[in-house]
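Notes for the one structure printed next.
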Amino acid sequence: MSSVEPALPRSRALVPGLVWRGASASTNTDLVARARDLPDLAVIATDTQTAGRGRLDRAWSAPSGAALAVSVLVRLDAAATTAGRARPAATTSALLGWLPLLAGTAMSTAVRRLGVEGAGVKWPNDVLVDGRKLCGVLTELTPTGVVIGAGLNTAMTAEQRPVPTATSLRIEGVSPDGEDAATLLDRALAAYLDELLGLIGLWRRATGPAELRARVEPLLQTIGRAVRIDRPGLPPLLGAAVGLDDDGSLRVQPAEGPSIAVSAGDVTHLRYE
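Okay, so the sequence shown: first residue is 1 according to this note's numbering, each after it adds one.
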């Protein structure tokens with residue numbers, strides 16, 4: 001647990017409110033509970049999350065001080081108008097599926113800015129570096145808006161990894177000798193918030209998926225890959241990921257028959273030797 005609250009000057013300059021928790025069971029849970037009373041783009045963050053959650057309610061954990069958990073509130077009442085004109089509610093609803101992909105794109109771009117070459121998105125919500133997981137994203141829809149949560153491995157050492165396929169900023173060589181943990185946290189959080197806020201602005205201005213697809217697909221490592229998708233209540237789907245539908249779903253072409261749009265499932269990138 002952090003003994004002293006980090007100042008986070010770069011990060012605080014970007015958002016209307018940033019609450020730092022010395023420890024949190026889950027920043028998403030915290031933000032969902034407070035969403036009605038917080039401003040658009042409010043942020044809750046910690047480097048010690050004790051009961052983090054991934055997709056499908058999986059547990060997500062990291063040693064104290066070794067990862068950044070950050071949740072951002074995207075109020076839907078703020079999204080209803082752009083450039084002084086009303087945006088149809090149906091358009092907003094249709095584009096909600098792009099928010100996890102935009103968050104992954106924001107994190108991928110942010111860590112590239114920090115020096116992690118090759119970072120990219122695995123559909124729908126992971127950030128990978130050479131197949132190793134650096135960050136996961138979890139979005140939750142509330143009556144007030146969407147809470148976008150991200151868990152970024154920052155100071156985790158190779159020995160602290162929960163699985164061999166995990167990585168961190170430290171493992172990828174981002175933190176130079178002599179840089180303290182608080183400075184690394186602020187650099188990483190500010191880079192992510194800067195990218196995410198820009199993409200949320202794009203999402204709010206968009207009247208269709210074309211602009212969003214153009215930003216996501218260049219960093220989406222799943223497209224063009226052979227994949228296995230495990231879907232709730234359905235047999236595994238094997239095929240090639242060929243693109244994104246207008247709602248952000250992944251379109252998969254099996255060996256036989258028409259392509260299939262997948263809106264939810266666990267994706268494995270397959271390698272054939």
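All C-beta atoms in this analysis are idealised placements derived from N, C-alpha and C, irrespective of residue type, glycine included.
Exercise. Return helix, strand or coil for Gly233, following the three-state DSSP convention.
Key: Your numbering for residue 233 matches position 233 in the sequence shown. When secondary structure is reduced to three states using DSSP, Gly233 falls in the coil class, being assigned neither helix nor strand.
Quiz item: Looking at C-alpha atoms only, which residue of Leu197, Gly115, Thr139 and Pro143 is the closest neighbour of Ile171?
Solution: As a position in the sequence shown, residue 171 is number 171, starting the count at 1. It is Gly115.
Quiz prompt | Val131 classed as buried or exposed, judged by whether at least 16 other C-beta atoms fall within 10 angstroms | solution = Walking along the sequence shown from the start, residue 131 turns up at place 131. The sequence shown places Gly at residue 131, rather than the Val named in the question. That one is exposed.
Quiz item: How long is the line joining the alpha carbons of Val252 and Arg113, rounded to whole angstroms?
Solution: The residue given as residue 252 occupies position 252 in the sequence shown. The residue given as residue 113 occupies position 113 in the sequence shown. Approximately 31 Å between the Cα atoms of the pair.
Exercise. Return the CA-CA distance between Ala7 and Leu76, expressed in angstroms with no decimal places.
Key: As a working mapping, residue 7 is identified with position 7 in the sequence shown. As a working mapping, residue 76 is identified with position 76 in the sequence shown. Rounded to whole angstroms, Ala7 to Leu76 spans 30 Å at the Cα level.
Exercise. Put Leu101 into one of helix, strand or coil per three-state DSSP.
Key: Along the sequence shown, read from residue 1 onward, the residue named residue 101 stands at position 101. Here DSSP, grouped into helix, strand and coil, assigns Leu101 to helix.
Practice problem: Enumerate in chain order the residues of its own chain whose CB-to-CB distance from Leu255 is below 8 Å, with the five nearest sequence positions on each side excluded. | Solution: Numbered from its first residue, the sequence shown carries residue 255 at position 255. For clarity, residue 255 is Ala in the given sequence; the question names Leu instead. Cβ neighbours of Ala255 beyond the five flanking positions: Leu238 and Gly239.
Practice problem: Identify every residue that forms a DSSP beta bridge with Ile260. | Solution: Your numbering for residue 260 matches position 260 in the sequence shown. The partner list for Ile260 (beta bridge, DSSP) reads Val252.
Quiz item: Would you call the stretch 91-98 and the stretch 62-75 touching, i.e. three or more CB-CB distances under 8 Å?
Solution: Touching, no.
Self-check item: Reduced DSSP secondary structure (H/G/I, E/B, other) of Asn125
Solution: Your numbering for residue 125 matches position 125 in the sequence shown. Three-state result, Asn125: coil.
Quiz item: Just how far apart, CA to CA, sit Asp30 and Ile44?
Solution: Along the sequence shown, read from residue 1 onward, the residue named residue 30 stands at position 30. Along the sequence shown, read from residue 1 onward, the residue named residue 44 stands at position 44. Distance from the CA atom of Asp30 to the CA atom of Ile44, rounded to whole angstroms, is 8 Å.
Quiz item: From Leu270, Asn153 and Asp245, pick the residue whose C-alpha is nearest to that of Ser259; which is it?
Solution: As a position in the sequence shown, residue 259 is number 259, starting the count at 1. The residue with the shortest Cα to Cα distance from Ser259 is Asp245.
Self-check item: Cβ-Cβ separation, Asp186 to Leu10 (assumed contact under 8 Å), whole Å
Solution: As a working note, residue 10 is residue 10 in the sequence shown. As a working note, residue 186 is residue 186 in the sequence shown. This sequence places Arg at residue 10; Leu is not what is there. The Cβ separation is near 5 Å, so the contact holds.
Quiz item: Is Arg113 helix, strand or coil by DSSP?
Solution: Mapped onto the sequence shown, residue 113 falls at position 113. Residue state, collapsed to three classes: helix.
Quiz item: Which residues in the same chain have their Cβ closer than 6 Å to the Cβ of Arg225, if we skip the five residues on either side of it in sequence?
Solution: Position 225 of the sequence shown, counted from the first residue, corresponds to residue 225. Only Ala241 and His269 meet the Cβ criterion.
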